[in-house]
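Following: one structure in structure tokens, then a few remarks.
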Amino acid sequence: MNNELNTKTPSASVQMPTIPVKGFSKLSKIEKIDFLVRNYFSNSDAARIQFKKFWHADEAIQRTIDEFSENTLTNFSFPLGVVPNVLINNKLYCVPMAIEESSVVAASAKAANFWLTRGGFKAEILGLKKVGQVHFIWNGEPLKLQNLFNKYKNELIVSVSSLTSNMEKRGGGMLDLRLVDRTHDEPGYFQLLGEFNTCDAMGANFINSVLETLGRTWKNIVMGEVSFTDSEKELQVVMAILSNYTPECRVRSTVECSIEELNDPSFEMSAQEFAEKFARAIRISKIDVTRATTHNKGIFNGIDAVVIATGNDFRAVEACGHAYAARDGQYRGLSDVEIKDGRFRFSLEVPLAIGSVGGLTSLHPMAKLSLDMLGRPGAEDLMKVVASLGLAQNFGAVRSLVTSGIQKGHMKMHLMNILNHLEANEAERERAKVYFENEVISFKSVREYIAGLRNYV
Ligand code: MEV
Numbered sequence: 415m416n417n418e419l420n421t422k423t424p425s426a427s428v429q430m431p432t433i434p435v436k437g438f439s440k441l442s443k444i445e446k447i448d449f450l451v452r453n454y455f456s457n458s459d460a461a462r463i464q465f466k467k468f469w470h471a472d473e474a475i476q477r478t479i480d481e482f483s484e485n486t487l488t489n490f491s492f493p494l495g496v497v498p499n500v501l502i503n504n505k506l507y508c509v510p511m512a513i514e515e516s517s518v519v520a521a522s523a524k525a526a527n528f529w530l531t532r533g534g535f536k537a538e539i540l541g542l543k544k545v546g547q548v549h550f551i552w553n554g555e556p557l558k559l560q561n562l563f564n565k566y567k568n569e570l571i572v573s574v575s576s577l578t579s580n581m582e583k584r585g586g587g588m589l590d591l592r593l594v595d596r597t598h599d600e601p602g603y604f605q606l607l608g609e610f611n612t613c614d615a616m617g618a619n620f621i622n623s624v625l626e627t628l629g630r631t632w633k634n635i636v637m638g639e640v641s642f643t644d645s646e647k648e649l650q651v652v653m654a655i656l657s658n659y660t661p662e663c664r665v666r667s668t669v670e671c672s673i674e675e676l677n678d679p680s681f682e683m684s685a686q687e688f689a690e691k692f693a694r695a696i697r698i699s700k701i702d703v704t705r706a707t708t709h710n711k712g713i714f715n716g717i718d719a720v721v722i723a724t725g726n727d728f729r730a731v732e733a734c735g736h737a738y739a740a741r742d743g744q745y746r747g748l749s750d751v752e753i754k755d756g757r758f759r760f761s762l763e764v765p766l767a768i769g770s771v772g773g774l775t776s777l778h779p780m781a782k783l784s785l786d787m788l789g790r791p792g793a794e795d796l797m798k799v800v801a802s803l804g805l806a807q808n809f810g811a812v813r814s815l816v817t818s819g820i821q822k823g824h825m826k827m828h829l830m831n832i833l834n835h836l837e838a839n840e841a842e843r844e845r846a847k848v849y850f851e852n853e854v855i856s857f858k859s860v861r862e863y864i865a866g867l868r869n870y871v
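Per our numbering, residue 415 is the first one in the sequence shown, and the count goes up by one each step.
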């Protein structure tokens with residue numbers, strides 16, 4: 415490295431570099447860490463040790479993890495927990511969740527146990543269709559383009575057959591291809607809209623490869639069309655990409671019981687009052703965007719944790735879920751409740767474009783283990799599990815909110831984080847757990863309690 419930044423000694427100040435580094439990605443992992451600790455840390459030795467401490471002991475595993483990303487330095491640990499006793503369609507799952515928020519696994523486990531004795535979760539697939547577009551600009555009479563598309567639709571489909579044949583053997587592939595006229599929204603703007611079934615794969619690479627090929631073939635067809643004028647032969651492919659909005663790749667999970675079965679002495683209200691208060695909370699999530707956002711955040715606490723644990727793309731799932739929540743123009747809570755004929759029915763319908771084969775699902779050792787734990791589900795069963803955990807999490811959150819409030823459970827879990835922060839020893843932790851059983855937990859109250867213990871000793 416010939417950059418003046420790199421000549422600094424390890425004890426140099428933490429003044430951030432002002433000259434951009436060149437060729438960083440070409441450095442070895444050790445060289446990257448050296449660069450960072452020299453330039454961004456006052457205690458470079460401590461920082462170097464910390465980076466290395468989180469390397470995996472097994473070099474082959476570490477290499478695999480390094481290659482998931484770029485400029486990798488080390489690993490960033492999240493706990494992988496499990497929720498046992500999740501009964502879905504009469505099958506008992508132990509569901510893995512990778513999440514750092516302390517109360518999420520506990521709340522899911524509590525909700526799973528609650529519904530275990532009330533028939534469990536009933537989940538069904540509402541569709542498996544994924545989509546993607548070639549977005550392009552063409553200036554001319556739309557009907558002329560439509561006629562050309564109709565004439566060559568088959569040729570377009572054949573042009574991607576080498577890419578789709580394997581997926582077809584598995585029962586999927588490209589389901590349809592259409593020309594969409596969007597010239598009313600943007601001059602000259604059209605789409606080739608592809609519809610896909612990607613079976614057990616999330617299918618992003620498959621869809622994107624097909625779309626890019628379609629884009630090239632379509633441009634060639636238009637350029638070579640003898641009946642077109644010179645200007646009609648011009649077509650600009652703006653981009654070819656799958657859409658993460660997949661409302662037709664959707665799953666519903668439902669729980670249901672009689673009102674009496676909701677009875678819980680700790681609620682300090684009757685089962686009927688609880689059910690109505692719960693239903694009101696759901697209605698509020700449908701009409702108020704500020705509440706809807708938090709409500710859905712709770713749902714995605716459950717969804718994301720399973721999606722991450724199984725090596726799926728949680729950003730895609732979140733983006734789609736939130737777009738779906740706003741499908742009628744207002745962002746609303748995703749879950750639904752019905753109280754009818756003495757029964758309480760709570761459900762969640764959510765689009766989930768996830769897979770159980772390919773990508774990280776088969777590369778990440780923990781994702782593999784998580785999928786094994788779930789009995790190697792296909793994509794459909796995985797969608798059912800994920801949606802059910804979203805529903806469980808939402809049930810747990812709303813139940814707490816309309817009864818004891820959320821802080822009681824949250825702070826109980828957070829106590830451990832505070833004790834860790836205060837570097838409490840085992841004896842202090844045990845005494846604090848007992849003491850705060852019936853005391854208000856805050857950082858201040860815990861700090862004062864631990865200081866009191868330490869002074870006393
Ligand atoms: C916290 O992570 C999630 C909740 O805020 C969700 C909700 O309010 O429904 C508890």
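Ideal Cβ placement from N, Cα and C applies to all residues, glycine included. For clarity, every value in this text was computed on a predicted model and none was experimentally measured.
Is it buried or exposed, Leu542, if we count other Cβ atoms within 10 angstroms and call 16 or more buried? buried
If we count the other Cβ atoms within 10 Å of its Cβ and call it buried at 16 or more, is Pro510 buried or exposed? buried
Got a sec: does ligand 1 put a non-hydrogen atom nearer than 7 Å to the Cβ of Ala740? no
If you draw a straight line from the C-alpha of Pro434 to the C-alpha of Phe455, how long is it? 17 Å
Taking 8 Å as the limit between beta carbons, can you name the residues of its chain near Asn485, skipping five residues before and five after? Phe438, Ser439 and Lys446
Cβ neighbour criterion (16 or more within 10 Å) applied to Ala865: exposed
How big is the Cα-Cα spacing for Leu777 and Ala811? 33 Å
Check whether the stretch 769-788 and the stretch 728-745 are in contact - that is, three or more C-beta pairs closer than 8 Å. no
Do you know offhand how far Val574's Cα is from Ala525's? 47 Å
Which term fits Cys508, buried or exposed, when burial requires 16 or more other beta carbons within 10 angstroms of its beta carbon? exposed
With DSSP run on the structure shown, which of helix, strand or coil describes Pro424? Caution is warranted here: a pLDDT of 39 is assigned to Pro424, below 50, making its placement in the model unreliable, and no coordinate value can be reported.
What residue from Arg729, Phe688 and Leu628 has the CA that sits closest to Asp590's CA? Leu628
Taking all protein chains shown into account, decide if Phe857 is buried (16 or more other Cβ within 10 angstroms of its Cβ) or exposed. exposed
Sequence-distant residues of the same chain with beta carbon closer than 8 Å to Leu829, five excluded per side: Ala846, Lys847, Phe850, Ile855 and Val860
Helix, strand or coil: which one does DSSP assign to Arg666? strand
Measuring only from the beta carbon, is Ile820 closer than 7 Å to any heavy atom that is part of ligand 1? yes
Please report the distance separating the alpha-carbon of Gly602 from that of Phe550. 8 Å
Say whether the stretch 784-792 touches the stretch 711-725, bearing in mind that this needs 3 or more beta-carbon pairs closer than 8 Å, one atom from each stretch. yes
Under 8 Å between the Cβ atoms of Cys663 and Leu766? yes
On a Cα-Cα basis, can you pick out the residue from Ala521, Lys826 and Asn489 that is closest to Val497? Ala521
Does the Cβ of Thr828 lie closer than 7 Å to at least one heavy atom of ligand 1? The displayed chain sequence assigns His, not Thr, to residue 828. Incorrect: His828 has no Cβ contact closer than 7 Å to ligand 1.
Test item: CB-CB of Phe492 and Ala474 under 8 Å: no
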